[in-house]
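Counting from 26, one number per residue, gives the positions in the sequence shown under the numbering used here. Heads up, the beta-carbon is just placed ideally off N, CA and C, and yes, glycines get one too. Just so it is clear, the structure is predicted and the values come from calculations on it, not from any experiment.
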Amino acid sequence: MGTFMRAGAAELGFTAVPALRYRDLPAAINWLCTTLGFERQLIVEDDDGAIRFAQLTLGNAMVMLVPVRDSAFDQLMVQPDEIGGAETQVTYFHVSDADAYCAQVKAAGAEVVLDLGDKDHRGRGFSCRDLEGHLWTFGSYDPWRSRPVACAPRRRPTAVSGLVGGLSLAVVGSLAAGGFAYTAGEHVAPTIASATISGAGSAQEGARASEPTASAARGTAPAGGNAPVPVADRLRAEPEAEQEQAQLRAALAAAASAREAAERARRESLEQLVREQSAKQAAEQALEEAHAKLVLERSQREAAERAARALRLRLLRSRDESEESPYGDGVTSLFEAWTRNDG
Numbered sequence: 026m027g028t029f030m031r032a033g034a035a036e037l038g039f040t041a042v043p044a045l046r047y048r049d050l051p052a053a054i055n056w057l058c059t060t061l062g063f064e065r066q067l068i069v070e071d072d073d074g075a076i077r078f079a080q081l082t083l084g085n086a087m088v089m090l091v092p093v094r095d096s097a098f099d100q101l102m103v104q105p106d107e108i109g110g111a112e113t114q115v116t117y118f119h120v121s122d123a124d125a126y127c128a129q130v131k132a133a134g135a136e137v138v139l140d141l142g143d144k145d146h147r148g149r150g151f152s153c154r155d156l157e158g159h160l161w162t163f164g165s166y167d168p169w170r171s172r173p174v175a176c177a178p179r180r181r182p183t184a185v186s187g188l189v190g191g192l193s194l195a196v197v198g199s200l201a202a203g204g205f206a207y208t209a210g211e212h213v214a215p216t217i218a219s220a221t222i223s224g225a226g227s228a229q230e231g232a233r234a235s236e237p238t239a240s241a242a243r244g245t246a247p248a249g250g251n252a253p254v255p256v257a258d259r260l261r262a263e264p265e266a267e268q269e270q271a272q273l274r275a276a277l278a279a280a281a282s283a284r285e286a287a288e289r290a291r292r293e294s295l296e297q298l299v300r301e302q303s304a305k306q307a308a309e310q311a312l313e314e315a316h317a318k319l320v321l322e323r324s325q326r327e328a329a330e331r332a333a334r335a336l337r338l339r340l341l342r343s344r345d346e347s348e349e350s351p352y353g354d355g356v357t358s359l360f361e362a363w364t365r366n367d368g
């Protein structure tokens with residue numbers, strides 16, 4: 026049997042990210058976010074809207090969640106409800122203030138199965154169970170700050186960092202991340218896989234960039250090999266770099282959102298201006314038509330009045346002439362006068 030070359034392990038950029046299976050993945054995501062304080066980092070859905078897998082973050086820690094399926098990988102595992110509520114693995118999170126976090130989790134309604142207490146030399150911690158029976162353990166013990174074993178590599182994975190007043194992830198026992206990769210390979214589109222690989226490459230580049238600082242720190246350690254690994258600089262640098270990247274992404278997203286909102290507001294303002302101008306033109310046209318109609322009606326009324334006055338004048342003149350005529354008034358008199366003259 027061969028021996029793993031530990032000298033090359035550090036260059037491969039290993040990062041431990043636990044993966045857990047859930048029968049009701051949307052409910053599990055909602056519980057983890059509302060009860061334990063996780064945030065949605067990536068949600069991948071299929072064409073029918075069902076969640077294929079999810080990535081959640083808690084401080085600098087990340088977990089991957091997948092649905093329970095009937096795959097070859099799923100046949101190698103069981104859920105807690107299949108073995109009487111027992112758990113075969115546990116995911117451990119380092120938290121700087123276990124007491125405060127435990128109080129928050131209890132207030133959110135989590136089922137704490139192992140209450141807060143001192144764990145000998147390993148600090149304080151507690152364990153709670155999620156809605157499908159998986160165990161989540163949180164404690165003040167930070168494995169990365171403990172005295173390393175002589176044969177262990179001195180370089181710690183880059184994605185697992187302690188935050189002062191925050192959370193970091195230490196996988197004491199978890200569902201294998203390699204198994205998740207198998208499941209994701211069956212169901213996830215190549216574009217998602219490429220994005221994940223790209224993110225891993227960025228983390229490895231960040232690790233290589235910070236390696237000189239760690240190397241210089243190791244150079245000051247005693248030669249006995251039992252001194253603690255001086256990782257304070259990396260503990261400070263890595264969260265700051267990740268925070269700057271997160272802030273940059275958030276700023277870019279906010280700028281894009283603001284640009285889209287401004288463009289949408291500009292279009293809406295332009296459309297409103299066009300509508301108002303069209304309404305104004307219609308109102309002006311209606312006013313002109315009403316004015317023209319009024320002028321026409323006035324002209325027709327004046328013409329009617331003139332015609333009425335002319336008619337009255339003719340009638341008056343006709344009456345006056347009739348009174349002055351020797352033949353009397355009326356048509357009969359005129360006819361008689363005409364007949365006499367004709368005779």
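With DSSP as the reference, label residue 75 as helix, strand or coil.
Correct three-state label for residue 75: coil.
Measure the alpha-carbon distance for residue 58 versus residue 299 and round it to whole angstroms.
Distance between the alpha carbons of residue 58 and residue 299 is about 46 angstroms.
Out of curiosity, what's the CA-to-CA distance linking residue 163 and residue 117?
Near 6 angstroms, if we compare the C-alpha coordinates of residue 117 and residue 163.
Would residue 79 pass as a contact of residue 90 if the rule is Cβ separation under 7 angstroms?
Against a cut-off of 7 angstroms, the Cβ pair of residue 90 and residue 79 comes out as a contact.
What are the partner residues of residue 152, as DSSP defines its beta bridges?
139 and 162, per the DSSP bridge assignment.
Which term fits residue 311, buried or exposed, when burial requires 16 or more other beta carbons within 10 angstroms of its beta carbon?
When all chains shown are included, residue 311 counts as exposed.
Report the residue from 127, 92, 320 and 71 whose alpha carbon sits nearest the alpha carbon of residue 60.
Nearest option by C-alpha distance: 127.
When DSSP builds the beta bridges, which residues end up paired with residue 263?
In the DSSP output, where bridge partners are listed per residue, residue 263 has none listed.
DSSP beta-bridge partners for residue 89?
Partner(s): 44 and 80.
Excluding the 5 residues preceding and the 5 following residue 48 in the sequence, name in chain order all residues of the same chain whose CB lies nearer than 6 angstroms to its CB.
93.
Assuming contact is defined by CB atoms lying nearer than 7 angstroms, are residue 158 and residue 99 in contact in what I supplied?
Cβ atoms of residue 158 and residue 99: not closer than 7 angstroms.
In three-state DSSP terms, what is residue 61?
In this structure, residue 61 counts as coil in the three-state DSSP scheme.
Given this structure, state the Cα-to-Cα distance separating residue 322 from residue 316, to the nearest angstrom.
If I take the Cα positions, the gap works out to 10 angstroms.
How far does the beta strand (DSSP E) with residue 120 in it reach, from first residue to last?
First-last of the beta strand (DSSP E) with residue 120: 116 to 120.
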